[in-house]
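Presented below is the structure to which this report refers.
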């Protein structure tokens, strides 16, 4: 059995792996950026090593820094979690070259399946039908235009080495291709380190159904459960459930068998997920995620299988603990997972909402589980994914699971940041969701979120007075290794030394009483904290309402900020690369007379 595992990730998934390893008697090593110095995964691990930097590129996807941490810590295995390097075959090879076990599939399988184009070819070898699309990387915007003109619009551009909706852009006509192509490549490069994309047909009202599987190094492979992940916004999942409900007889089994064949076609081992699109009784292979997925707990809840434990045992060379027949017999009841994201869902906009979590109180009760990487007092950074936590609920039937999930969501307290909880409740209470009449486009096209209210974002009052001596917790690093130290010191103001550099441009706040981005005033503000990646207009340009002005990246997603009135661009207060805060003025438009 493995002795020490370094988790090359952060947040909720790092905490998840640390807990599973600890139950198995395995030591754990955390790594962290400057912003994550006091994060929950760092506090829970047996050891922690600083990577430096703030962004993912400066820390969690800097391979040299990670390899140094592995070498220094003496870890004999690396768990990549999901995202970051979890599907990077070159990183897996570099880990193996050090004599360290990569807890994931063989690099050759990752090469074929992590690349969405070659994975479609593998699926065809396994006999699974695929969505019509290209089987090579797109080389230009013209190729995408040609595909759409030949196969019909809309089409969808996808990151070839990505997932989770990152680097994915729906294109409704040839005039949108250039901007979508560039945006998809930027997002893919930012989140996955590679910018290759491909294109496929965009189905009109599909369900997203996937199969969780696990294989070992001895040629055995089982599918654990199906999952429905159709409740999405911006092609990212909000709610997942297992098993996938309301499928015709035999479809779930056919999907499971097709998934296993596709995995075996590339010699796959470890945990993985094969995703399908289901519509009108037919299913099509979409892609394979060669890693553990965010929604893996719903499969665990209906089978009592710890998928992280299975990953570790497979990496150590053990055979699968159960046969396919035993897995089939283990399934019972229904499970629902809610992703609690730091986003403001008012009016269906789902705007990122980074900031400090002033209070976090998880729900409890029969059949309730809450996976998170945060506690009260921690902060959600604009530089990383905005997942606060995952509420996972089990019930003997789907109806019981829905009712229990609603109860648990009502008990869950998250203050300091806006979250998707109001939207989650609206989905669970909607008759379309109960009747399984929703699709991957239902949230954005049918669900009415205009009346929801987002609360819990007011900071608590500051404590008054203090004792003569107070306990101060601080962190020191010796040769990059983290040590936590507590001291009792006189209560004196803390003076910041060597703080972060000021933004490139001084922020200008709108005067009180002025119009906002949607008020038609011409004073266009940032709706959230983020980084300007592109300015789309010039001073003197004439714009109409809804015209794009700047592209703002927040939490790895690009958001186009549009004009709220017709007029002439009078002033542009930002440039590409600037960091802005919510409410900062970006562009001033002189309204047309």
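In our numbering, the protein residues as written are 3 to 595.
Glycine included, each C-beta is placed from N, C-alpha and C at the ideal position.
C-alpha distance - residue i paired with residue j, whole-angstrom precision
| i | j | result |
| --- | --- | --- |
| residue 1 | residue 425 | Any property of residue 1 remains undetermined from this structure, which presents the chain solely from 3 to 595. |
| residue 168 | residue 117 | 14 Å |
| residue 305 | residue 230 | 16 Å |
| residue 2 | residue 554 | The structure shown does not extend to residue 2, since the chain spans only 3 to 595, so no value can be given for it. |
| residue 382 | residue 532 | 12 Å |
| residue 278 | residue 153 | 20 Å |
| residue 316 | residue 452 | 48 Å |
| residue 529 | residue 320 | 51 Å |
| residue 571 | residue 297 | 45 Å |
| residue 385 | residue 193 | 10 Å |
| residue 158 | residue 140 | 12 Å |
| residue 330 | residue 294 | 20 Å |
| residue 445 | residue 71 | 42 Å |
| residue 85 | residue 594 | 46 Å |
| residue 133 | residue 199 | 16 Å |
| residue 332 | residue 448 | 36 Å |
| residue 14 | residue 387 | 11 Å |
| residue 223 | residue 112 | 16 Å |
| residue 364 | residue 151 | 50 Å |
| residue 83 | residue 292 | 11 Å |
| residue 87 | residue 76 | 20 Å |
| residue 454 | residue 591 | 31 Å |
| residue 355 | residue 190 | 21 Å |
| residue 114 | residue 28 | 31 Å |
| residue 583 | residue 559 | 16 Å |
| residue 90 | residue 65 | 10 Å |
| residue 476 | residue 18 | 25 Å |
| residue 34 | residue 61 | 7 Å |
One or two residues paired with residue i in a DSSP bridge
| i | result |
| --- | --- |
| residue 220 | The partner list for residue 220 (beta bridge, DSSP) is empty, contrary to what the question assumes. |
| residue 358 | 381 |
| residue 343 | 389 |
| residue 279 | 210 and 286 |
| residue 561 | 554 |
| residue 9 | 32 and 81 |
| residue 234 | 239 |
| residue 124 | None; residue 124 has no bridge partner. |
| residue 200 | 160 |
| residue 104 | 80 |
Same chain only: Cβ atoms within 6 Å of residue i, ignoring 5 sequence neighbours per side
| i | result |
| --- | --- |
| residue 170 | 160 and 237 |
| residue 352 | 235 and 345 |
| residue 267 | 124, 127 and 128 |
| residue 589 | 526, 551 and 574 |
| residue 402 | none |
| residue 561 | 554 |
| residue 136 | 200 and 201 |
Test: residue i CB closer than 7 Å to a CB of chain D
| i | result |
| --- | --- |
| residue 337 | In summary, chain D is missing from the structure at hand, where a single protein chain is found. |
Contact set for residue i: own chain, Cβ-Cβ below 8 Å, skip 5 residues either direction
| i | result |
| --- | --- |
| residue 98 | 104 and 109 |
| residue 578 | 534, 535, 536 and 537 |
| residue 496 | Residue placement at residue 496 is flagged as unreliable, the pLDDT there being 46, under the threshold of 50; a coordinate-derived value is accordingly withheld. |
| residue 313 | 81, 105, 106, 216, 272, 273 and 294 |
| residue 227 | 213, 214, 244, 245, 300, 301, 304, 305 and 333 |
Cβ pair residue i, residue j closer than 7 Å
| i | j | result |
| --- | --- | --- |
| residue 217 | residue 270 | yes |
| residue 407 | residue 336 | no |
| residue 289 | residue 121 | yes |
| residue 106 | residue 272 | yes |
| residue 44 | residue 32 | yes |
| residue 179 | residue 143 | yes |
| residue 257 | residue 287 | no |
| residue 375 | residue 51 | no |
| residue 651 | residue 338 | Outside the displayed span of the chain (3 to 595) sits residue 651, for which this structure offers no information. |
| residue 359 | residue 419 | yes |
| residue 362 | residue 416 | yes |
| residue 372 | residue 393 | yes |
| residue 1 | residue 348 | Beyond the ends of the chain as shown, which are 3 and 595, falls residue 1; an answer cannot be given. |
| residue 12 | residue 40 | no |
| residue 632 | residue 57 | Residue 632 lies beyond the residue range present for the chain, which begins at 3 and ends at 595; the question has no answer from this structure. |
| residue 233 | residue 404 | no |
| residue 389 | residue 411 | no |
Contacts around residue i, its chain only, beta-carbon distance under 7 Å, and the 5 residues preceding and following it disregarded
| i | result |
| --- | --- |
| residue 438 | 247 and 248 |
| residue 172 | 156, 158 and 204 |
| residue 30 | 7, 9, 20, 23, 24, 47 and 48 |
| residue 547 | 565, 566, 567 and 568 |
| residue 182 | 159, 171 and 173 |
| residue 63 | 86, 87 and 195 |
CB-CB length for residue i against residue j, believed under 8 Å
| i | j | result |
| --- | --- | --- |
| residue 8 | residue 80 | 5 Å |
| residue 366 | residue 42 | The Cβ separation is near 18 Å, so there is no contact. |
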